[in-house]
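K.L.:
Under the UniProt record's numbering, the sequence shown has 70 at position 70, and the numbering climbs by one with no breaks. Every residue, glycine too, gets a C-beta built ideally from N, C-alpha and C. In this text, all values refer to a predicted model and were calculated from it rather than measured experimentally. Sharing a structure with you now.
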Amino acid sequence: MPASSRTFPLIDVWGKPEERGRQIGSALNERIARTLSIYKTYFDRPEGEILAAAAQFRDVIAAFDPRACAEMDGIADGADVDPLWIVALNARSELLSALSASECTVVQYTGTPFVGQNWDWSEKLEELVVLIRSEDERGKRFLTMTEPGMLAKVGLNDAGFGVCLNFLPTPKPTRGVPSHILLRSLLDAGSWADVEETLERAGVGRSLNLLVAGRDGRAINIEYEGDAARRMEPGGTATTHTNHYVTCKAPVDAELLENSTARLERIRALTTPGTPADLARLKTVLSDNTHPEHAILAPYRDSDGFLGRKGTICTIAMDLAERRMHIRRGNDPAVPFVEIAVTQKETAFSM
């Protein structure tokens, strides 16, 4: 991989929600258009049906967090896109919730500020992924790795909170606050009380494993299954998760279950009591490719699902105490991590 392709583009934005959104949309307009084209194919439904669902999600989001709606409107304006398509992108997990797809391996070392994950998804998205570092008009800052047009995905903020996720399939209705909107809102948290209040307001209605971690070493891990939300106790050395339900026996496609179970067993073996629990070890376990078929750091391979060729798009290890993200693009363990501080600020787009 050429040196210029080993990192994702980083943009710095600031101001009120709509202003930040407009900056994002203007800077990423071409990438947003390409991302939309991909997801329109994945949704595999008439545009009118998707936009009608997006309109319903917009009402849900507006009641939950009006600032998120303002930011999405700004993105749509900057990218010259129908705002409902930006809503659809941010609700893509809910619109695809009935489909099986391996997406992530998550690790949080109990009692430490170290948390991270691999994001496994369609190979097509790797060249589109971006990093957004944002400061709002109140001075709150966060950094996220995300798909163009989405408000947030994996990330951390200047208060020392980080968010990670695993996609979980369900046939149950998922009409609540979309997963990526919840992730974005949690990146505004300044305390555990803020986190709990946001989770309470968000309620259920999504299919997701959500992990929220703090610089104090605490974490909340919740499996959402449509109308249910189940919290998990932290692990002895580490809290780990992949792409099947651990708190219940909800049905999961056989191919996904085999892959997800193998990854979970391996990540648990790598984080047993007595093993190191630091940032270097986190990077090592997320780089494991021992299993020939179900590696944690997964090469791109053809799949039977809707994603086509899928594998690890990136690996993220976060030090919440230092407010730093360490990120590696792609699935080559020899490629070095790039370190990015939440608190740094550029004076112009870093594209």
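What does a CB cutoff of less than 8 angstroms around residue 266 pick up in its chain, not counting 5 residues either side in sequence?
P.N.:
Translated into positions along the sequence shown, residue 266 becomes position 266. The residues are 288, 290, 291, 294 and 296.
K.L.:
Under three-state DSSP, which class holds residue 150?
P.N.:
Taking the sequence shown and counting its residues from 1, the one referred to as residue 150 is at position 150. Reduced to three states, the DSSP call for residue 150 is coil.
K.L.:
Helix, strand or coil, according to DSSP, for residue 57 in the structure here?
P.N.:
As a first step, residue 57 is located in the sequence shown; it is residue number 57 there, counting from the start. Residue 57: helix per DSSP, three-state reduction.
K.L.:
Within 10 angstroms of the Cβ of residue 139, are there 16 or more other Cβ atoms? Answer buried if so, exposed if not.
P.N.:
For the purposes of this step, residue 139 is taken as the residue at position 139 of the sequence shown. By the 10 Å Cβ count, residue 139 comes out exposed.
K.L.:
Classify residue 272: buried if its beta carbon has 16 or more other beta carbons within 10 angstroms, exposed otherwise.
P.N.:
Against the sequence shown, residue 272 aligns to sequence position 272. Looking at its Cβ environment, which holds fewer than 16 other Cβ atoms inside 10 Å, residue 272 is exposed.
K.L.:
Run through the region 227-301 for me and flag every whole alpha helix (DSSP H) of 4 or more residues, listed as ranges in chain order.
P.N.:
Those alpha helix (DSSP H) runs which fall completely within the region 227-301 and span 4+ residues are 254-270 and 279-286.
K.L.:
Can you tell me whether residue 48 is buried or exposed? The criterion is at least 16 other CB atoms within 10 Å of its CB, across all chains shown.
P.N.:
Here residue 48 corresponds to residue number 48 of the sequence shown, with the count starting at 1. That one is exposed.
K.L.:
Express the C-alpha separation of residue 283 and residue 72 in angstroms, rounding to a whole number.
P.N.:
Walking along the sequence shown from the start, residue 72 turns up at place 72. Walking along the sequence shown from the start, residue 283 turns up at place 283. Their Cα atoms are separated by approximately 33 angstroms.
K.L.:
Restricting to Cα atoms, I'd like to know which of 340, 147 and 301 is closest to residue 319.
P.N.:
Against the sequence shown, residue 319 aligns to sequence position 319. Selected option, being the one with the closest Cα: 340.
K.L.:
Mapping the DSSP letters down to three states, classify residue 142 as helix, strand or coil.
P.N.:
The residue labelled residue 142 in the question sits at position 142 within the sequence shown. Strand, per DSSP.
K.L.:
Just how far apart, CA to CA, sit residue 59 and residue 239?
P.N.:
Within the sequence shown, the letter at position 59 stands for residue 59. Within the sequence shown, the letter at position 239 stands for residue 239. Answer to the nearest angstrom: the Cα atoms are 34 angstroms apart.
K.L.:
How long is the line joining the alpha carbons of residue 324 and residue 157, rounded to whole angstroms?
P.N.:
Translated into the one-based positions of the sequence shown, residue 324 becomes position 324. Translated into the one-based positions of the sequence shown, residue 157 becomes position 157. Straight-line Cα distance between these residues: approximately 9 angstroms.
K.L.:
Look up residue 92 in the DSSP assignment and say whether it is helix, strand or coil.
P.N.:
Counting from 1 along the sequence shown, the entry for residue 92 is found at position 92. Helix at residue 92.
K.L.:
Rounded to whole angstroms, what's the CA-CA distance from residue 207 to residue 225? Just pull it up for me.
P.N.:
Here residue 207 refers to the residue found at position 207 of the sequence shown. Here residue 225 refers to the residue found at position 225 of the sequence shown. Residue 207 and residue 225: Cα-Cα distance of roughly 5 angstroms.
K.L.:
Under three-state DSSP, which class holds residue 339?
P.N.:
By one-based count along the sequence shown, residue 339 stands at place 339. Residue state, collapsed to three classes: strand.
K.L.:
Using the three-state DSSP reduction, which class does residue 35 fall into: helix, strand or coil?
P.N.:
The residue labelled residue 35 in the question sits at position 35 within the sequence shown. If DSSP states are grouped into helix, strand and coil, residue 35 belongs with the helices.
K.L.:
Helix, strand or coil for residue 331 per DSSP?
P.N.:
Within the sequence shown, residue 331 is the residue found at index 331, counting from 1. Residue 331 falls in the coil class under three-state DSSP.
K.L.:
List, from N- to C-terminal side, the beta strand (DSSP E) runs of 3 residues or more that fit wholly inside the region 106-145.
P.N.:
114-122 and 130-136, all fully within the region 106-145.
K.L.:
Buried or exposed: where does residue 120 fall if 16 or more other Cβ atoms within 10 Å of its Cβ makes it buried?
P.N.:
As a first step, residue 120 must be located in the sequence shown, where it is residue number 120. Buried.
K.L.:
Between the Cα of residue 370 and the Cα atoms of 228, 191, 86 and 69, which residue gives the shortest distance?
P.N.:
The first residue shown for the chain is 1 and the last is 351, placing residue 370 beyond what the model contains.
K.L.:
Kindly indicate the opening and closing residues of the alpha helix (DSSP H) around residue 99.
P.N.:
What you label residue 99 is simply residue 99 of the sequence shown in a count that begins at 1. Element bounds for residue 99: n/a, residue is neither H nor E.
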